[in-house]
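Scroll down for the structure; my scribbles are underneath it.
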Amino acid sequence: MKRIAVLCCDYPLHTAALVLNSIEEFVDRGMHIDIFCNSAMDAPVFPSSYPVTVHVYREAFRDKVFRKLSTFPIIRHMLFPRMIRDIARLSPYWASFARYVKRLDLDVYDYILCISYPALFCVAAKRHSGKCIYYNIELLDDTPDAAGIYIDKNLCRKLEHACLHRVSHTVAMSPDRARIFQRQTQTPESRISVLPILPRTKELGERSPSNFFRAKFSLKPDQKIVVYSGGIGDWAMLEEIVRTVPAWPEAYVLVIHTWQQYAFESPYGKRLLDAARGLPVFFSAESLSRSQLISALSAADIGIAYYRELDDNFTNIVFSSNKICEYLIAGLPVLCSPLPSLKKEIDSHNLGRAVPISQIPAAIRELGAHKDSLAASIAKSLTEELNFDKYFEKFYRKIV
0 MKRIAVLCCD YPLHTAALVL NSIEEFVDRG MHIDIFCNSA MDAPVFPSSY
50 PVTVHVYREA FRDKVFRKLS TFPIIRHMLF PRMIRDIARL SPYWASFARY
100 VKRLDLDVYD YILCISYPAL FCVAAKRHSG KCIYYNIELL DDTPDAAGIY
150 IDKNLCRKLE HACLHRVSHT VAMSPDRARI FQRQTQTPES RISVLPILPR
200 TKELGERSPS NFFRAKFSLK PDQKIVVYSG GIGDWAMLEE IVRTVPAWPE
250 AYVLVIHTWQ QYAFESPYGK RLLDAARGLP VFFSAESLSR SQLISALSAA
300 DIGIAYYREL DDNFTNIVFS SNKICEYLIA GLPVLCSPLP SLKKEIDSHN
350 LGRAVPISQI PAAIRELGAH KDSLAASIAK SLTEELNFDK YFEKFYRKIV
């Protein structure tokens with residue numbers, strides 16, 4: 000039996016459809032998976048019958064001492080190797096996890112999957128020379144980080160480029176993102192595969208909608224739900240969405256759901272609560288399993304996903320969005336940003352509407368009026384074209 004190590008550092012693996020789908024596909028092909036992550040909150044749960052073992056890094060006393068020392072520039076410079084030193088500049092927690100990775104025996108694995116760039120840095124610090132597959136979750140282009148959503152974007156991009164000689168294959172989430180990554184890094188096209196965040200065929204069976212949101216907020220049976228499910232931040236344009244709610248059809252309410260327990264205690268979260276005061280807007284902060292989340296979403300009527308145009312990572316969001324994938328699995332029409340690549344897919348497959356925020360109220364009316372035809376289009380597209388399986392098969396043939 001072939002073995003795969005999946006390394007995840009500071010990334011919500013339990014909600015990462017792309018990685019979870021990949022793990023399922025590898026398991027279907029008879030492989031054993033070991034997952035190493037740095038937080039119990041990020042750890043996914045699999046049935047006990049699966050050949051998947053999850054290892055959660057817990058800092059020992061010496062690791063905590065190292066992490067504390069790594070915050071002092073002079074000590075970093077005197078005591079730490081260059082790669083660990085640079086990782087510690089980004090995050091002492093990443094550096095602590097990198098030390099843990101250095102203690103792992105990765106030679107027993109046929110493939111090492113590095114999920115996003117922090118995990119890539121940790122494996123590179125170990126100087127491992129096995130088959131390393133880099134899941135490029137976030138593009139690091141050369142535009143300035145004006146919104147401050149990255150941890151030292153310039154240093155991350157520099158380290159990413161320095162680590163790529165240890166990567167045997169890279170996964171990008173769309174053809175456009177693959178081209179951008181290839182252009183930025185000069186990685187040969189033959190060593191890049193496209194794996195979009197799309198449902199697996201096995202996920203498209205009968206859904207069992209739950210009354211999670213209705214019960215949680217005591218919503219009436221005739222009230223219709225527009226749901227946002229994902230991270231909370233200015234990049235998601237949630238304040239702007241909330242401001243459109245007074246113009247929505249009377250029957251509709253907005254539910255903003257996140258797995259981040261304290262998201263609404265942040266400055267942005269508090270601002271969002273203030274903007275929604277007196278409006279039919281409800282806030283949910285609770286970690287749900289993937290199946291629980293899909294069931295909860297299935298009882299909604301529309302899924303909403305807007306992205307601020309910050310850099311290539313956002314303007315090329317098409318099918319690299321967990322939330323859009325989850326909405327589609329749940330059978331929801333998608334109401335989203337009119338970014339060119341995203342609008343093209345939404346319109347061509349009749350999956351919903353991609354419109355400016357000012358047109359959200361009208362789009363909600365339109366989606367409600369065409370509910371049945373949209374549901375049929377979504378089901379047809381996911382079955383015939385927009386499914387993960389066919390992309391994974393091409394990727395798998397490249398790496399074996």
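Position 255, counted from 1, in the sequence shown is what numbering that gives the first Met the number 0 calls 254; the numbers after and before it change by one each time, with no gaps.
Glycine residues also receive a C-beta, built at the ideal position from the N, C-alpha and C atoms.
Please read all numbers here as calculations on a predicted model, not as lab measurements.
- Here DSSP, grouped into helix, strand and coil, assigns Val317 to coil.
- In this structure, the beta-carbon distance from His168 to Ile359 does not fall below 8 Å.
- When only Cα atoms are considered, Arg126 and Ile356 end up about 47 Å apart.
- For Lys223 against Ala250, the beta-carbon gap comes to about 5 Å, under 8 Å, which counts as contact.
- The Cβ atoms of Ala214 and Arg242 do not sit closer than 8 Å to each other.
- Its Cα nearest to that of Arg165, the residue Ser128 stands out among Ser128, Arg176 and Ile179.
- Your pair Ile32 and Val26 checks out as a contact, with CB atoms roughly 7 Å apart and the cut at 8 Å.
- The secondary-structure analysis by DSSP pairs Gly268 with nothing; it has no beta-bridge partner.
- With a beta-carbon spacing of about 4 Å, Met172 and Ser319 fall inside the 8 Å limit used to define contacts.
- Per DSSP, the continuous beta strand (DSSP E) segment holding Val170 begins and ends at His168 to Ala171.
- Nearest to Ala4 by C-alpha distance, out of Leu338, Ile150 and Tyr108, is Tyr108.
- Counting along the chain, Phe25 sits inside the alpha helix (DSSP H) bounded by residues Ala16 to Asp27.
- Exclusion of the five residues before and after Phe281 leaves Phe216 and Val254 as the residues of its chain whose Cβ lies within less than 6 Å of its Cβ.
- Its Cα nearest to that of Cys121, the residue Ile86 stands out among Tyr110, Ile86 and Ile22.
- Lys201 and Leu139 have their C-alpha atoms spaced approximately 33 Å apart.
- About 7 Å separates the CB atoms of Tyr306 and Trp234; that is less than 8 Å, so the two are in contact.
- Note: Ser283 is bridge-paired with His256 in the DSSP secondary-structure output.
- Cβ contact annotation for Ala284 (same chain, cutoff 7 Å, sequence separation greater than five): Thr257, Gln259, Gln260, Ala262 and Phe263, in chain order.
- Here the stretch 139-156 lies against the stretch 307-314, with 3 or more beta-carbon pairs under 8 Å apart.
- A buried status is given to Lys322, since no fewer than 16 other beta-carbon atoms sit within 10 Å of its beta-carbon.
- Nearest to Asn349 by C-alpha distance, out of Ser336, Glu325, Leu366 and Ala361, is Leu366.
- Linking Leu373 to Ser297 through their CA atoms gives a straight-line distance of about 14 Å.
- Going by beta carbons, Cys335 and Pro198 fall outside the 8 Å limit.
- Contact annotation: Cys8 and Pro91 have beta-carbon atoms that are not nearer than 8 Å.
- Rounded to whole angstroms, the Cβ separation of Leu89 and Ile150 is 5 Å, and the two are in contact under 8 Å.
- Nearest C-alpha to Arg61 among Arg98, Ser21 and Arg75: Arg98.
- In the assembly as shown, His76 is an exposed residue. Its beta-carbon has fewer than 16 other beta-carbons within 10 Å.
- Contact between Cys131 and Ile114 is absent: CB atoms are separated by about 12 Å, not below the 8 Å threshold.
- For Gly367, no beta strand (DSSP E) run applies; the uninterrupted alpha helix (DSSP H) run containing it begins and ends at Ile359 to Ala368, by DSSP.
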